[in-house]
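S.K.: For reference, the structure I am asking about is given below.
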Amino acid sequence: MIDLTTLADLTPGICSVTLRKSGIDDVVRISSDAGLAGIEWGTDIHVSDAASAAHAKEATEAAGLTVLSLGSYYRAGDFGDFGPTLELAATLGAPRIRIWAGKLGSADAQDSQWDAVVKDTQRVADLAAERGIAIAFEYHGNTLTDSPETTLELLQRVSHPNVGTYWQPAVGLSDQQALDSLHRVLPHVVGVHCFSWGPNAERFPLRNRKLLWQTVSDALRGNGKDMDIMLEFVEDDLPDNVLNDAAFLHTITLGED
């Protein structure tokens, strides 16, 4: 019998990149209408400077929602100025910053590139820790976190208490392969990006992979660590499909059928 007192809480949220064509206020309104609890604000469109970060924070909080994280496009290994990204996160009130593990897939990266990603991640993780902000890798193709094995290797080499990883089902994997990848990295997962894509990156309603996402949510809840599970990309990028996918997301975060 499952001990319900040990189950983790899953916070249903959304990445603002899902609504790239909408302004900050519309992203908040749609998210609120969908009954979502929080937003990961991306730096690609919505939060690009101090004014937009302050606007996003105010609008999010005014709607009773939570800022889940800052979705940055910082590439570890570049040794770029991380200060502006930190300032955006601090102004936004984000507890976590998403970064990318280099610019090359693990099969193409040389030892020197691995070393650069490791050292730069350690550097930015120290800087973020001073501000009380965590770091999480995007789990994505064409980076060093393109497989569970390389993600674990990178996290082991970085070996920093302020660094975790996101997870999402890689394009083209079967449900079972995706679940296997989740279980491999699960101890290090701090957030999940949630979508249903076909093998050629076709976008479908979330419930098209109902079994996958029900099983993923069960694994996350049973892992005992509270987690953000964030919609990222919906069919045709339509706000109505945010509402539809959010309705299904609510059922799985609550452990319902």
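When we follow the working numbering, the leftmost residue of the sequence shown carries the number 17, and every step to the right adds one. Where a beta carbon is used, it is the ideal one built from N, C-alpha and C, also for glycine. Here the structure is a predicted model, which means the values were calculated and not measured.
If we count the other Cβ atoms within 10 Å of its Cβ and call it buried at 16 or more, is residue 114 buried or exposed?
M.R.: Numbered from its first residue, the sequence shown carries residue 114 at position 98. By the 10 Å Cβ count, residue 114 comes out buried.
S.K.: At what residue ranges does the region 92–131 contain a whole run of the beta strand (DSSP E), taking only runs of 3 or more?
M.R.: Those beta strand (DSSP E) runs which fall completely within the region 92–131 and span 3+ residues are 112–116.
S.K.: Spell out the partners DSSP gives residue 85 in its beta bridges.
M.R.: Walking along the sequence shown from the start, residue 85 turns up at place 69. Per DSSP, 56.
S.K.: First and last residue of the alpha helix (DSSP H) that includes residue 201?
M.R.: If you number the sequence shown from 1, residue 201 lands on position 185. Segment 191–201, the alpha helix (DSSP H) holding residue 201.
S.K.: If you count every other CB in all the chains shown that lies within 10 Å of the CB of residue 56, and 16 or more means buried, which is it?
M.R.: Along the sequence shown, read from residue 1 onward, the residue named residue 56 stands at position 40. Classification of residue 56: buried, given that the 10 Å Cβ count is 16 or more.
S.K.: Using DSSP with H/G/I as helix, E/B as strand and the rest coil, what is residue 23?
M.R.: Stepping through the sequence shown from its first residue, residue 23 is reached at position 7. Coil.
S.K.: Is the region 57–72 close to the region 102–114, with three or more CB pairs under 8 Å?
M.R.: Verdict: yes, contact present.
S.K.: Opposite residue 29 in the DSSP bridges: which residues?
M.R.: For the purposes of this step, residue 29 is taken as residue 13 along the sequence shown, with counting starting at 1. In DSSP, residue 29 forms a bridge with 54 and 246.
S.K.: I'd like the list of long-range same chain contacts for residue 239, defined as Cβ closer than 7 Å, with 5 residues on each side in sequence excluded.
M.R.: Counted from its first residue, the sequence shown places residue 239 at position 223. Cβ neighbours of residue 239 beyond the five flanking positions: 24 and 202.
S.K.: Closest by CA to residue 132, which one among 116, 147, 148 and 95?
M.R.: As a working note, residue 132 is residue 116 in the sequence shown. Considering only alpha carbons, the answer is 95.
S.K.: For residue 216, does the count of other Cβ atoms within 10 angstroms reach 16, so buried, or fall short, so exposed?
M.R.: Here residue 216 refers to the residue found at position 200 when the sequence shown is read from its first residue. Under this definition residue 216 is an exposed residue.
S.K.: Pick helix, strand or coil for residue 174, following the three-state DSSP scheme.
M.R.: Position 158 of the sequence shown holds residue 174. If DSSP states are grouped into helix, strand and coil, residue 174 belongs with the helices.
S.K.: Between the region 129–143 and the region 82–89, do three or more beta carbon pairs fall short of 8 Å?
M.R.: Verdict: no, contact absent.
S.K.: Give the DSSP-derived three-state secondary structure of residue 180 in the structure shown.
M.R.: What you label residue 180 is simply residue 164 of the sequence shown in a count that begins at 1. Residue 180: strand per DSSP, three-state reduction.
S.K.: Since I believe residue 116 is in contact with residue 154 (beta carbons under 8 Å), could you give me their beta-carbon distance rounded to a whole number of angstroms?
M.R.: To locate residue 154, count along the sequence shown from 1; it is residue 138. To locate residue 116, count along the sequence shown from 1; it is residue 100. Rounded, the Cβ-Cβ distance is 5 Å, consistent with contact.
S.K.: Between 170, 156, 150 and 158, which lies nearest to residue 178 when the distance is taken from Cα to Cα?
M.R.: Your numbering for residue 178 matches position 162 in the sequence shown. Residue 178 has its Cα closest to that of 150, out of 170, 156, 150 and 158.
S.K.: State buried or exposed for residue 265, treating a residue as buried only when at least 16 other CB atoms are found within 10 Å of its CB.
M.R.: Along the sequence shown, read from residue 1 onward, the residue named residue 265 stands at position 249. Buried.
S.K.: Using the Cβ count rule (16 or more neighbours within 10 Å means buried), how would you classify residue 29?
M.R.: Taking the sequence shown and counting its residues from 1, the one referred to as residue 29 is at position 13. The residue is buried, with at least 16 neighbouring Cβ atoms inside 10 Å.
S.K.: Suppose contacts are defined by Cβ-Cβ distances below 8 Å. Is residue 221 in contact with residue 261 by that definition?
M.R.: The residue given as residue 221 occupies position 205 in the sequence shown. The residue given as residue 261 occupies position 245 in the sequence shown. Going by C-beta atoms, residue 221 is nearer than 8 Å to residue 261.
S.K.: State the start and end residues of the unbroken alpha helix (DSSP H) segment that holds residue 205.
M.R.: As a first step, residue 205 must be located in the sequence shown, where it is residue number 189. Not the alpha helix (DSSP H): residue 205 falls in the beta strand (DSSP E), residues 205–210.
S.K.: Quick one: grab the DSSP three-state call for residue 186.
M.R.: By one-based count along the sequence shown, residue 186 stands at place 170. DSSP places residue 186 in coil when its eight states are reduced to three.
S.K.: Return the CA-CA distance between residue 124 and residue 138, expressed in angstroms with no decimal places.
M.R.: If you number the sequence shown from 1, residue 124 lands on position 108. If you number the sequence shown from 1, residue 138 lands on position 122. Approximately 22 Å between the Cα atoms of the pair.
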